[in-house]
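The numbering used here runs 453 ahead of the 1-based position in the sequence shown. For glycine and all other residues, C-beta sits at the position ideal for the given N, C-alpha and C. Just so we're clear, the structure is a prediction, and the values are computed from it rather than from any experiment.
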Amino acid sequence: MNPKALKSLEYYKIIDQLTEKASSQMGKDLCRHLLPSEDVYEIRHMQTQTRDALTRLFQKGNISFGSVKDVRGSLKRLEIGSSLGISELLAIAGLLENTNRVKAYSRNERGDAREDSLDGMFESLEPLTPLSAEIRRCIISQDEISDDASAGLMHVRRSMKVANDRIHTQLNSILNSCRSYLQDAVITMRDGRYCLPVKAEYKSQVNGMVHDQSSTGSTLFIEPMAVIQLNNELRTLEIQEQKEIEAVLADLSNQLTPYTTELAIDLQILTKLDFIFAKAALSRHFKCSEPKFNTEGRIHIKDGRHPLLDPQKVVPITVWLGTDFDLLMVTGPNTGGKTVSLKTVGLFTLMGQAGLHIPAFEGSELAVFEEVFADIGDEQSIEQSLSTFSAHMTNIVNILNQADSRSLCLFDELCS
């Protein structure tokens, strides 16, 4: 379809509303790039998918795909043997959990055994529940790995707790015996080392290593000699802890590696379903119906309502074309609805060929056109602007040069 017609008929405004109905970023991307098709079989298939998703929405309620994040980069890293980070593993866990919810939605939403066009996609989903459960067991949040993620990590963290207790016991003993030398009776951290805030004039009274000083220079942060060895031990344990965490992440990544194909398929299907259910949600929002399609150029819109007008004020129109005649001229006074009628016919055609339902009465029929042309705009009078009139005429000539029997041509104010 030519971009000018898509813009003139406000197709992209419908696409914006469709995009808002999708819940995942990848689903929104599919919505943004949706264009009308010229293949009647593809159009009918897309219409069927929208209808079946709408049926599920009415029977079961809303479904969310918000946890579906783009993990294609992570899957590539797994395929070449790399380990994933915490955020990447949590994203995959979210994908699998969403897969599980969507699979459950499919199993439970209908009491009958009737199959529809979406069953195949739902059945192809693989939740891989043990893998997502293992990731959640090991990773508590973006910043925290569980103590029992591995035996080695648990042992290191127990040793760290013991070392911390010994350091605090030693520092509390020094703090109580040297309270008069300290600026505050607190234990602080500098460069990852436990220190005491010592008044500058009493520096010689506290034997240890100076790590920092206050902005005024009146306070020195000293690591007492008595805890230097303990701090060294704690630092060594922290390094071991990091190695154990890396080992946990590597192990989780290795468990995922054999399932990269299944994960990629899950991602693809969930994105497609999010896109299809967004179309169904838009249909429900506008109170739409599924149009019939033909390749003979027949249009019969029953009580069509332009979707961008106030639903409380919009006047429904009934239009037919292509059976007894293929040229329709609409006349009437200003603000009589002529332009809106033209735009409604053109927009419904574009929406229908994109797999979207149309806000019209059940049984409306649309034709599949290879091209839609529109010369619609304001201020097309020769008295107002010669340049506007010239552009108007040039556009009409271009349309007449390109149009054929498989084209829908819409002209507004043709006789001005």
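Under 7 Å between C-beta atoms of residue i and residue j
i, j, result
"residue 799", "residue 827", "yes"
"residue 718", "residue 502", "no"
"residue 913", "residue 593", "Limits of the chain in this structure are 454 at one end and 869 at the other, which puts residue 913 out of reach."
"residue 776", "residue 751", "yes"
"residue 546", "residue 589", "yes"
"residue 479", "residue 724", "yes"
"residue 664", "residue 643", "yes"
"residue 447", "residue 549", "As shown, the chain starts at 454 and ends at 869. That puts residue 447 outside it, with no answer to give."
"residue 762", "residue 464", "no"
Reduced DSSP secondary structure (H/G/I, E/B, other) of residue i
i, result
"residue 648", "strand"
"residue 870", "Residue 870 is absent from the model: the chain starts at 454 and stops at 869."
"residue 593", "strand"
"residue 776", "coil"
"residue 675", "strand"
"residue 782", "coil"
"residue 689", "helix"
"residue 639", "coil"
"residue 742", "strand"
"residue 498", "helix"
"residue 862", "strand"
"residue 821", "coil"
"residue 842", "helix"
"residue 669", "coil"
Residue i Cβ short of 6 Å to the ligand COA heavy atom set
i, result
"residue 761", "By its list of ligands, the structure shown contains no ligand whatsoever, and the ligand COA lies outside what it can speak to."
Buried/exposed call for residue i, threshold 16 Cβ in 10 Å
i, result
"residue 499", "buried"
"residue 855", "exposed"
"residue 850", "exposed"
"residue 835", "The predicted position of residue 835 is uncertain, since its pLDDT is 41 and thus under 50; a value taken from the coordinates is nonetheless stated next. Exposed, by the Cβ-count rule."
"residue 450", "The structure shown does not extend to residue 450, since the chain spans only 454 to 869, so no value can be given for it."
"residue 676", "buried"
"residue 832", "For residue 832, the predicted structure reports a pLDDT of 43, less than 50, and the residue's modelled location is therefore unreliable. The matter cannot be settled from this model."
"residue 780", "exposed"
"residue 604", "exposed"
Proximity to residue i [Cα-Cα], best of the options
i, options, result
"residue 769", "680, 720, 571, 796", "796"
"residue 504", "805, 842, 705", "805"
"residue 774", "789, 755, 792, 650", "755"
"residue 602", "611, 587, 614, 615", "587"
"residue 685", "613, 667, 632, 467", "613"
"residue 808", "649, 789, 495, 638", "495"
(message) Would you call the segment 800-819 in contact with the segment 739-746, where contact means no fewer than 3 C-beta pairs closer than 8 Å?
(response) yes
(request) Would you check if there are 3 or more beta carbon pairs closer than 8 Å linking the segment 512-523 to the segment 699-710? (result) Contact fails: fewer than three Cβ-Cβ distances are below 8 Å.
(request) Taking 8 Å as the threshold, find out whether the segment 690-703 comes into contact with the segment 659-678 through three or more Cβ pairs. (result) no
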